[in-house]
Structures are given as C-alpha cells and as structure tokens.
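Colleague: Below is the structure I would like to discuss, written out as structure tokens.
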Amino acid sequence: MKKIVIVGAGFGGLTVFHHISTWVNNADAQVTVIDERETFLVKPSLPEVALGEKDIRDITFPLRPVIESYGRFIRSRVHRIDAKAQQVYLDDEVAMPYDFLVIALGGKKDFESVPGFREYGYSVCTDILAPRLYEALEKFEQGNILIGSAPMLAGTRLKDVPHLETACEGPVGEVAFMIDNELRERGIRDQARIICFSPAEIFFEDVGDKVHEAFEGLARKHEVEVVTNKVIDKIDKDHIVFKDGSTLSSALTVLIPTYRGPDLIAESGLGDEAGFVPTDENFQHLDYANIFAIGDVASRTVPKLGHLAVEQGNLVASLLRQRIVGQGERYDYEPEIFCIMNMGHRKAMLIRSNTLWGGKTDISYHSSMSHLMKSSFDTYMVKFKGKMPPQLAQRLLNVYLGRLQE
Ligand SMILES: Cc1cc2nc3c(=O)[nH]c(=O)nc-3n(C[C@H](O)[C@H](O)[C@H](O)COP(=O)(O)OP(=O)(O)OC[C@H]3O[C@@H](n4cnc5c(N)ncnc54)[C@H](O)[C@@H]3O)c2cc1C
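For what it's worth, UniProt numbering labels the leading residue of the sequence shown as 1, then goes sequentially.
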C-alpha cells in the first residue's frame, strides 16, 4: 500500500488531493492530508473582506468533510520532515510515514522583519489581518494611504527561475483601486492620497508592456500614485521610512510582507537559502525523488500565485498517478500570470501574461465582465470545495481571451 501524504491543504495541496481522490480507492494507495487549519481560505478574496464586501465565513469552507470522503484528514501543525526516514512529525512528536510526500505549505509571511508593523501596520494577507484593516478603513478620515510590498527572498539553487523583487503585486494594485472606490463612495476621496510603493524598478515587474500601459492608464484615472525602487525599512506612527533614507507620511500603511520559506523546511534541511523548496521542472525535490513541492513554498514558483499552485498541483497529481498506478498522461504545465484584480464598483482588471517566461501573451481586460468572472470563480471555489471550474469553462475562457489578444 503506497502512502501519499500531502502537507498543506491550500490551493496546491487541495488540487493534488482532488485529482488523487478520483483513483486512490481503486489503487493500492492511501492519501492523508495534514493541515493546521480546519478550513480552506480563499486568499484572493481577502481584499474584499478588508473592504467590507465579504465576511470571512463567505470565503472559507471546512476541509475535513471534503477530504474524509476519499482519504484521511489530520488537523495538526507539521513540525519537521525527516526525508531520509520518510516521516513527517506532527504535534506531540506523532510520526506519519510516507512513500510520496507533497509539500504545499505556502510561504511564511515575515511581518516581523519590518519594525513597527505590529504597532502601526495593516495587511490583507491573513484572515486575522484583513478584518483589522476593515476596522481601520472605517475610521479613516484623511491623509496618505500607503500600500506596498516588502522584498521577496530567493535562493540560488535554481538558475532557470526568473528573479523578482516582490512575491506578487496584484493585491497591492487591487487594494489601492478598491480603497479609491470606497473613498469616492464616502465622498472623501479628495482627503486622501493613495500611493503604491514597490521595491522593484517597475511596478508589476512580472508582466509585459501592454499590461503596464493599461495599469498606468487606470492608475492615472483613479489618481493612484506609484513610487518604485522603494524598499521599506520601518513603519512609524505617522510615516514610513525607506532603506534609502527617504520617508513618506502615512495615515494608514498596508503591507504585503517579505515571503520566505517556512522555518520547518530549513530546519528539516529541505530548503534553499530563503527556505523555499528547490525542485526540478516537475516540482520534484532536487535531492529526494519521492518529495514534491508546489505552490508558494516552492523555489520554482515565481511569482507567488494561486493560479500557478493549481497548475503545479495538476502536474504533480498526474506524475503521482503515473508512478503509483502506471496510468494517465503527464499534465502539460505552462506557467503564466493569470489573475483578476477587483477594482470595486463592479469593475475588475483581468491580467494574463507569460512574458516573464519568454511568451507573447500579455493582455489586460478592464470591465464588468472581468468582475463577473472573478466573483463567479470565487463562488465556484467555495461551493465546490476547492475544485477548479470544469475544463469546458476553461476552454471557453481561453477562446474568449484569445479573441481579446487578436
Ligand atoms: C491578499 C491576497 C490576494 C491574492 N490574490 C491572488 C489572485 O488574485 N490570484 C492568484 O492566483 N493568487 C492570489 N494570491 C496568492 C495565492 O493566495 C497564493 O499563491 C496561494 O494561496 C498559494 O497556494 P499554496 O497552496 O501554495 O499555499 P496556501 O494557500 O498558503 O496554503 C498553505 C496551507 O498550508 C497550511 N500550513 C502552513 N504551514 C503549516 C504547518 N506547519 N503545518 C500544517 N499546515 C500548515 C496552511 O494552513 C494552508 O492551509 C493572493 C494572495 C493574497 C495574500
């Protein structure tokens, strides 16, 4: 009996599980999913929680019933992985043996590395912080609102992975536009400057010129300012300080923090210098053939996007099926940026680009239709418990987006 263990039931881990659930009961295999949370959290919807459009309950669903129909769910923190002994260590030193391990633990969001964040900073990155930002925005009256990313760390083991300064700036732009819309609705937009800051030379460095142009046009229209080459040093009560010594006054600072690999990855000797898991192009660990790493935890995942985690999950699930059951085709993994930035007022900007990997796709689409796609996708995810829309819907979307590029 082959034991498959998936640690982390976020976008990547749950995708692998859903594929495995279609064949595991007819194979000589069993699947166990371990997560410290009892619920799945649709993180791309957290900005909507921060703006009061959704409640945390609208963007979560319980993991246990989903997983226990086909496998075993253990709610526990993973503390250590012993790759040589093929064991995962949980709370109370309980050991879980595996034949195949999928690491899908996400990235560590290192808020502590920015002094002052705990006292004066806000974020949309967790289900604790997004509701806190909502409360702060409710009380906001005037001043600068600064929204930006701290730099992302990267290791050096993989030479073929593009280097980016930030984990992903989609949520930065999204929150800026949503706050712009909210302040206009309240009639106090003229009381605030909204400024996005980026440690990179170009804001949205992971997409191409066409998307940059579209974003810049919208930013001008919405009076959202952008400053680049700004690495945050610390947050004070009424201003932030950048590493180059410059400062910007701030009534509200919203931060996407530095991403690094989870501590347990480094402590288990499985990570690169930044704690991410180095893998080959099949997301197989460079040193262990029976360990895969997908999603934000993987060194190869740049930028850190749920869409990439899902695509990698599709690939790894197909490889596991081949290795365990000897059946099925290898999933064709083609990385691309695909995200939809909510802008409030029933508008959204859809971005699809693969220029980061040398491709030619680089489109953006700002419309009510993009908003409808985002809300339909988010609702589908919660209703169908982490499953992606059917292939047919995805093919229709591809045809539609293909026309936009013509
Ligand atoms: C505000 C925001 C907006 C975003 N918007 C988009 C978007 O529009 N489009 C997009 O594609 N991506 C978006 N992303 C990125 C996307 O959410 C992530 O890339 C995605 O969640 C990564 O999936 P994952 O499976 O790697 O990790 P996660 O979804 O982070 O899942 C990791 C899981 O591991 C569990 N875990 C972690 N450590 C342990 C441990 N030690 N023991 C046990 N369990 C553990 C966690 O509880 C979690 O369930 C956004 C992210 C944020 C924060």
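Cβ coordinates follow ideal geometry from the N, Cα and C atoms, glycine included.
#1: In chain order, what residues of the same chain lie with their CB nearer than 7 Å to the CB of ARG321, ignoring the 5 residues before and after it?
#2: List, from N- to C-terminal side, the alpha helix (DSSP H) runs of 4 residues or more that fit wholly inside the UniProt domain "FAD/NAD(P)-binding" (2 to 127).
#3: Where does VAL226 sit, in a helix, a strand or coil, going by DSSP?
#4: If the criterion is Cβ atoms closer than 8 Å, does the pair LEU133 and TYR120 meet it?
#5: Less than 7 Å between C-beta atoms, sequence neighbours within five positions excluded: which residues of the same chain meet that for SER368?
#6: How far does the beta strand (DSSP E) with GLY386 in it reach, from first residue to last?
#7: Leaving out five residues before and five after VAL94 in sequence, what residues of the same chain have Cβ atoms less than 8 Å from its Cβ?
#8: For ligand 1, is there any heavy atom lying closer than 7 Å to the beta carbon of VAL7?
#9: Spell out the partners DSSP gives HIS239 in its beta bridges.
#10: ALA176: buried (16+ other C-beta within 10 angstroms of its C-beta) or exposed?
#11: Does DSSP put ASN354 in a helix, a strand or coil?
#12: Would the segment 59 to 69 and the segment 34 to 43 be scored as touching if the rule is three or more Cβ pairs under 8 Å?
#13: Under 8 Å, do ALA274 and HIS285 count as touching if we go by C-beta distance?
#14: With HIS307 as the anchor, note down where its alpha helix (DSSP H) starts and where it stops.
#15: Tell me whether HIS307, by its Cβ, gets closer than 7 Å to a heavy atom of ligand 1.
#16: Name the residue from PHE100, ALA298 and GLY358 whose alpha carbon lies nearest to the alpha carbon of GLN30.
#17: Where does GLN86 land, buried or exposed, given buried means 16+ other C-beta within 10 angstroms?
#18: Kindly give me the distance between the Cβ atoms of PHE197 and PHE215, rounded to whole angstroms, as I take these residues to be in contact under 8 Å.
#19: Look up ASP263 in the DSSP assignment and say whether it is helix, strand or coil.
Modeller: Let me lay it out:
#1: Mapped onto the sequence shown, residue 321 falls at position 321. Only residues of its own chain outside the window of five on either side were considered, and among them TRP23, GLN327 and GLY328 have a CB closer than 7 Å to the CB of ARG321, listed in chain order.
#2: Within the UniProt domain "FAD/NAD(P)-binding" (2 to 127), the runs of alpha helix (DSSP H) that reach at least 4 residues and sit entirely inside it are, in chain order, 11 to 20, 46 to 50, 64 to 68 and 117 to 120.
#3: Your numbering for residue 226 matches position 226 in the sequence shown. If DSSP states are grouped into helix, strand and coil, VAL226 belongs with the strands.
#4: Start at 1 with the first residue of the sequence shown, and residue 133 comes out as number 133. Start at 1 with the first residue of the sequence shown, and residue 120 comes out as number 120. The criterion of a C-beta distance shorter than 8 Å is not satisfied by LEU133 and TYR120.
#5: Residue numbering aside, residue 368 sits at position 368 when the sequence shown is read from its first letter. When the five nearest sequence neighbours on each side are left out, the beta carbons in the same chain lying within less than 7 Å of the beta carbon of SER368 are those of ARG346 and LYS347, in order along the chain.
#6: Translated into the one-based positions of the sequence shown, residue 386 becomes position 386. Careful: GLY386 lies outside any beta strand (DSSP E) and carries neither H nor E.
#7: Within the sequence shown, the letter at position 94 stands for residue 94. SER76.
#8: Here residue 7 refers to the residue found at position 7 when the sequence shown is read from its first residue. True, at least one ligand heavy atom lies under 7 Å from that Cβ.
#9: Looking up residue 239 in the sequence shown gives position 239. Partner(s): SER249.
#10: Counting from one through the sequence shown, the residue named residue 176 turns up at place 176. Classification of ALA176: buried, given that the 10 Å Cβ count is 16 or more.
#11: Stepping through the sequence shown from its first residue, residue 354 is reached at position 354. For ASN354, the secondary structure class from DSSP, reduced to helix, strand or coil, is coil.
#12: Yes, since at least three Cβ pairs between the segment 59 to 69 and the segment 34 to 43 fall closer than 8 Å, the two stretches touch.
#13: As a first step, residue 274 is located in the sequence shown; it is residue number 274 there, counting from the start. As a first step, residue 285 is located in the sequence shown; it is residue number 285 there, counting from the start. No. Outside cutoff.
#14: For the purposes of this step, residue 307 is taken as the residue at position 307 of the sequence shown. Membership of HIS307 in the alpha helix (DSSP H) is indicated by the continuous run 306 to 325.
#15: The residue labelled residue 307 in the question sits at position 307 within the sequence shown. Because some heavy atom of ligand 1 lies under 7 Å away, the Cβ of HIS307 counts as near it: yes.
#16: Your numbering for residue 30 matches position 30 in the sequence shown. Across the set PHE100, ALA298 and GLY358, the C-alpha of PHE100 shows the shortest separation from the C-alpha of GLN30.
#17: The sequence position of residue 86 within the sequence shown is 86, counting from 1. Classification of GLN86: buried, given that the 10 Å Cβ count is 16 or more.
#18: Taking the sequence shown and counting its residues from 1, one reaches residue 197 at position 197. Taking the sequence shown and counting its residues from 1, one reaches residue 215 at position 215. About 15 Å; that fails the 8 Å criterion.
#19: Counted from its first residue, the sequence shown places residue 263 at position 263. In this structure, ASP263 counts as helix in the three-state DSSP scheme.
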